[in-house]
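Trainee: Pasting a structure here, questions to come.
Chains as they are written, first to last, in the numbering used here: chain A, 1193 to 1444; chain B, 25 to 443; chain C, 380 to 689; chain D, 28 to 314.
Written out as structure tokens, the structure is:
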């Protein structure tokens, strides 16, 4: 269970994120939307540890984690993907995802980890499962280098999944996908909820957001201007104003 | 960066190694000096000096040993990557093990000599230098064939103190590398006997890498207002810059060093202004005509072959060092390292072709008399930018008279290895 | 596992080639092989550091620590046997790398080379300035050969020792490369942000690679010291550093065979042009430039080929 | 007073070393390891001009021609470097670093073949000494200070005022952002590299008469320039100017008061300290 209380981040004089609070329950899919520059990605970076917050706190199952480096937060079960997709391209898809499985295990300093042990098989099975859940199993042994854009994004989700996270932060997972791929990825993301993984979803594709999310938080100029179920958000005057600029006289 | 480049490499591997076949009775001489890189400005003139020495003999059929048999001399230069001790040893291995040389001329610095002490003694290769630096009873094949550095600094500064009673304050400006350290110790040893009437007012070594600011270096030296400045470690160009900076700061005293490239100095400071004030003493300076006709003939051949701009006093120093070996070869019936060594050490004096009779010495400093103390000519600048001999120091006599005062200064400077 | 086995093969083949070459070759060839063996240890340990994406320019200075440790520890008042001192030298080098990793590993890319370049120079200055311990610019001489050698002064036996140490260290680095830690180090080298986002402690793994690589450099430094019998600040020279970097650049660092072939190529040029040593740096430089530009062009070509028939 | 003048002249030397590199490094985030060699080529170009022309036209004019020739030659080299290395290896700073390192050895060997290994020295075109209340400042050093000040000020005006300058600063702050604004970063990169290289050439020409020029003088200057850039701070040309001043004063005082031989050690120690405290340097902003 993820809990954020009036998180804020100031760059010089700009309050990029200003007192954002949010609670994410087990297995819940929470949308985080807002016009460009509303602080969505900054909030993601603050939660995942890529950026140090200026104020406010982040707690994971009651444990305060704000200010932790991102790898410690990841080990506590909160993993994120990037807006500009980042994927390991030197090896095959399986090897890329296997790194996700290995990532959380053991400390680098213990010499036992310096010897190639036999548990590669166990790791590869876990990696294969992660690929299967994202529908990439058929391409497991292909070089990850020449995956088309959309599939690279799916692979990055699979890599994050391989670390068996409790909370997954997805940064525009559907961007750059065409209709059929979008539908397929949305259903797979929905299935994740069944395994008890809670998801914070930043996405511009309103149709998918409305369909996928249990609740939605709307940001504008770094502040939360609305929170509620997709239906409430759809009709919320503030949200429409934020998106369409000023409210056009009386209609709508 | 991948398979394609590796194929390229595999192709080039086919280049076979060529090793030269060694002719039978030629005398093979190795010169281990930097042939490339920053220090080539010292190494290349030294190698050329030895090559001209060899050509003089080869021109009339080679050098005759005691039995009258003539041997061609073959000189090969080996690079020691700017006096790096490890590379010095590798160059020696290459020269001794592969090319089977019987004589080697190397630098005098203690580090380089210690690195090759064992291999030269094992293979009986007579290794000489234009100075002593490091010798030892366990290493009979390490010898010093002329007074040379670093001892020449001691004899130069002591000669100046004796011949110029008005000198009261002396500044020693040396670089912080192994040459500089040895020079600092020998300068102090040369001054030790005269400390009752003269004092050392400046002796801070400088960082050789940061000589871009010569004025920053000269200002503290001028602040100690010395009568005599003795230097070691500047390249020829830096020497000229140092003199220019000191003159600009109003210095009127004397300068002393192992050698000055007067061409560069007079470009910056009018010759008349420094006439009679710049002294040098380093084995022999061939550009000065009347010390020894044979050496000035060598100077003409060098300038003819390589041009006046490429001249460096070190070439004549190397030439002089080889003349001691020449004396040994001519007196021995078997021109190998061991044979020549026995001939040279048959008696405790050697009739040196350039300097005349000189005694072996150095036991107090190195524990073995493997260093030929040849008399040391001292030069001073004349008003036309040239140099002329002002005195010839009887090195052995001075050493016997003053060694008790000089030895403590040398051991304090870490230059004494006699047990 | 195949990559791990290929690396092991390369290392054992190199060790065997050194020993066989030693028995067959001429005296001088022995010297070249010993130097090649020791420099290979240096290049392999350097490759381990490059896998984490950092091209350190302090490698040769850190090697100096190994050399000086052997020089100091094998003489009174310590009097350790030379081989023990060599291992201690490796540990000291690793310790220094650990200390250095704090300021240096915080930097990225271009700053990493600059700061390691300057740290190496600072270390070389320490060897010069602390005269009482390191003997200043004339260094420390008369270092013994390892006692366990039946007759220490024989170069052939020393060559066998170098080959043995090379194979041992090679196996260690190969296993590290294929191990869990090794894969993570390469992951950090490929994309640090992604690695830390999925839970890999990037800083710790970069430090691990830097320290373990420096351990190898320390061992190589110790071997150089006992072989040359002397260690001095001038041994730490830019030409050797450039040779190590060039070997990794020309040969490529994906597998062990890359740097070794690169080093062989450079040594061959050095030997062929022995008569005109002043041209060697230029020829090395030209081949490094060709390798980088050609590699870049080839990689572009490879990308296109892969995309065409993906 | 003399110490003050020495500090001033040493600061201007260090500025000469570091200015060109700071510009290129600041804007394009690449390190041109051959920068020292451009400095050296500038010095040799001036040497050629002075030794051939000074009999006809006299020292100062020959030196001026030498400086212009130096700027042109090194500028051209900068262009060639940009075309052959920077463009194909644009986004890989490591590859550029190592290939320029290799290039520096190639240039050194070529210059040795032409001019010989023995260092040469340029007869100082401007003789004489200027007196400031007892302390002296040799004319040729005044030239260096003048050149350093003119270059720094000129660069400042060029960057702040001119159109091309603004484009360079834009690329420096945010290469991608600049690209989006339609700035042709490659053209700006080429201009920067030509500018940086010719600055190195001019500084080589200015420093030629007061130091011994040799094919290997580049390496020493480069090391100092690296230190100044690291301490000065990332991408910040004025940081480099300030760092040059800091080291100018520090090194002069140290050699004045007898710690001359520790110069290299302290410079490296200062650099390592700054790096561990503030990785982006004293005046640089976080990357």
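Here a beta-carbon is modelled for each residue, glycine too, at the ideal position from N, C-alpha and C.
Under 9 Å, do residue 61 of chain B and residue 120 of chain D count as touching if we go by C-beta distance?
Mentor: Not closer than 9 Å, so no.
Trainee: Whose C-beta lies closer than 7 Å to the C-beta of residue 277 of chain B among residues of the same chain, with five residues either side of it excluded?
Mentor: Closer than 7 Å at the Cβ level, and outside the excluded window around residue 277 of chain B, lie 250, 251, 252, 253.
Trainee: Beta-carbon separation of residue 199 of chain B and residue 240 of chain B under 9 Å?
Mentor: Not in contact: residue 199 of chain B and residue 240 of chain B (Cβ atoms no closer than 9 Å).
Trainee: Distance cutoff 9 Å, beta carbons only. Does residue 278 of chain D sit that close to anything in chain B?
Mentor: For residue 278 of chain D, the answer is yes, since a Cβ of chain B falls inside 9 Å of its Cβ.
Trainee: Provide the residue span of the alpha helix (DSSP H) that contains residue 408 of chain C, from first to last.
Mentor: That run of the alpha helix (DSSP H) goes 406 to 429.
Trainee: Scan the stretch 181 to 263 of chain D and note each continuous alpha helix (DSSP H) run of 4 residues or more that stays entirely inside, going in chain order.
Mentor: DSSP runs (the alpha helix (DSSP H)) wholly in the stretch 181 to 263 of chain D: 190 to 200, 202 to 207, 212 to 234, 244 to 259.
Trainee: Are the stretch 402 to 414 of chain B and the stretch 429 to 441 of chain B touching by the rule of at least three beta carbon pairs closer than 8 Å?
Mentor: No, the stretch 402 to 414 of chain B does not touch the stretch 429 to 441 of chain B.
Trainee: Going along the chain, which residues of its own chain have a beta-carbon closer than 7 Å to the beta-carbon of residue 45 of chain B, five neighbours each way excluded?
Mentor: Residue placement at residue 45 of chain B is flagged as unreliable, the pLDDT there being 40, under the threshold of 50; a coordinate-derived value is accordingly withheld.
Trainee: Measuring CA to CA, which of B:397, B:359, B:145, B:430 is closest to residue 96 of chain B?
Mentor: That would be B:359, whose Cα lies nearest to the Cα of residue 96 of chain B.
Trainee: Determine, using beta-carbon pairs with one atom in the stretch 201 to 220 of chain D and one in the stretch 104 to 116 of chain D, whether at least three such pairs fall under 8 Å.
Mentor: The answer is yes - the stretch 104 to 116 of chain D touches the stretch 201 to 220 of chain D, with three or more Cβ pairs under 8 Å.
Trainee: Would you list, in chain order, the members of the stretch 164 to 198 of chain D that have their beta-carbon closer than 7 Å to a beta-carbon of chain C?
Mentor: Of all residues in the stretch 164 to 198 of chain D, none has a Cβ within less than 7 Å of some Cβ in chain C.
Trainee: Roughly how many angstroms lie between the CA atoms of residue 1266 of chain A and residue 123 of chain D, to the nearest whole one?
Mentor: Roughly 35 Å between the two C-alpha positions.
Trainee: Any C-beta of chain D sitting closer than 9 Å to the C-beta of residue 101 of chain B?
Mentor: False, the Cβ-Cβ gap to chain D never drops below 9 Å.
Trainee: Quick one: residues in its chain with C-beta nearer than 8 Å to the C-beta of residue 141 of chain B, no 5 flanking neighbours on either side, listed in chain order?
Mentor: Excluding residues within five positions, the ones whose Cβ falls inside 8 Å are 158, 160, 162, 163, 166.
Trainee: Against chain D, which members of the stretch 220 to 233 of chain B pass a CB distance test of less than 8 Å?
Mentor: Those residues of the stretch 220 to 233 of chain B that come within reach of chain D (Cβ to Cβ, closer than 8 Å) are 228, 229, 230, 231, 233.
Trainee: Can you check whether the C-beta of residue 410 of chain C is within less than 9 Å of a C-beta belonging to chain B?
Mentor: Judged by the 9 Å Cβ criterion, residue 410 of chain C is in contact with chain B.
Trainee: Interface residues of chain D around residue 133 of chain B at Cβ under 7 Å?
Mentor: Those within 7 Å of residue 133 of chain B in chain D number zero; the least Cβ separation is about 18 Å.
Trainee: I need the DSSP call for residue 1275 of chain A, collapsed to helix, strand or coil.
Mentor: Here residue 1275 of chain A sits in coil by DSSP.
Trainee: Considering only residues of the same chain and omitting the five flanking positions on each side of residue 502 of chain C, which have a CB-CB separation below 6 Å?
Mentor: The answer, listed in chain order, is 440.
Trainee: For the pair the stretch 208 to 215 of chain B and the stretch 172 to 189 of chain B, tell me if three or more CB-CB distances fall below 8 Å.
Mentor: Output reads yes: the stretch 172 to 189 of chain B touches the stretch 208 to 215 of chain B.
Trainee: Hey, quick one: how far does the alpha helix (DSSP H) through residue 105 of chain D stretch, first residue to last?
Mentor: Residue 105 of chain D -> alpha helix (DSSP H) spans 86 to 108.
Trainee: Rounded to whole angstroms, what's the CA-CA distance from residue 1285 of chain A to residue 1219 of chain A? Just pull it up for me.
Mentor: So the two alpha carbons sit approximately 27 Å from each other.
Trainee: Taking only three categories from DSSP, how would you classify residue 343 of chain B?
Mentor: If DSSP states are grouped into helix, strand and coil, residue 343 of chain B belongs with the helices.
Trainee: What residues from chain C crowd round residue 49 of chain D, counting only those whose CB sits closer than 7 Å?
Mentor: Correct list: empty, because the minimum Cβ distance to chain C is about 12 Å.
Trainee: Checking the sheet assignment: what are the DSSP bridge partners for residue 375 of chain B?
Mentor: The partner list for residue 375 of chain B (beta bridge, DSSP) reads B:381.
Trainee: I want to verify the contact list: residues of chain A whose CB lies under 8 Å from the CB of residue 557 of chain C, in sequence order.
Mentor: Within 8 Å Cβ-Cβ: 1308.
Trainee: Rounded to the nearest angstrom, how far is the Cβ of residue 433 of chain C from that of residue 496 of chain C, given a contact under 8 Å?
Mentor: So it is not a contact: roughly 12 Å between Cβ atoms.
Trainee: Within the 9 Å Cβ cut-off, does residue 611 of chain C reach chain B?
Mentor: For residue 611 of chain C, the answer is yes, since a Cβ of chain B falls inside 9 Å of its Cβ.
Trainee: Below 8 Å on the Cβ atoms is my contact criterion, and I expect residue 1408 of chain A with residue 1422 of chain A to pass it. Report the Cβ-Cβ distance as a whole number of Å.
Mentor: Indeed, because the Cβ distance is near 6 Å, the residues count as touching under 8 Å.
Trainee: For a contact defined as C-beta to C-beta under 7 Å, what are the partners of residue 1163 of chain A on chain C?
Mentor: Coverage of chain A is limited to positions 1193 through 1444, which leaves residue 1163 of chain A absent and any answer about it impossible.
Trainee: Report all residues from its chain with a CB closer than 7 Å to the CB of residue 155 of chain D; omit the five preceding and five following residues, and keep chain order.
Mentor: Here the set comprises 166.
Trainee: Where DSSP assigns a beta bridge to residue 95 of chain B, which residues make up the other side?
Mentor: Its beta-bridge partners are B:87.
Trainee: Please check if any C-beta of chain C sits within less than 9 Å of the C-beta of residue 65 of chain D.
Mentor: It does not: the Cβ of residue 65 of chain D has no partner Cβ on chain C nearer than 9 Å.
Trainee: Since residue 1271 of chain A meets chain C, which of its residues come closer than 8 Å, beta carbon to beta carbon?
Mentor: Ordered by position in chain C, the residues that pass the 8 Å Cβ test against residue 1271 of chain A are 576, 577, 578.
Trainee: In the DSSP assignment, the beta strand (DSSP E) including residue 401 of chain B goes from what residue to what residue?
Mentor: First-last of the beta strand (DSSP E) with residue 401 of chain B: 400 to 405.
Trainee: Does any residue of chain C have a CB that is nearer than 9 Å to the CB of residue 1214 of chain A?
Mentor: False, the Cβ-Cβ gap to chain C never drops below 9 Å.
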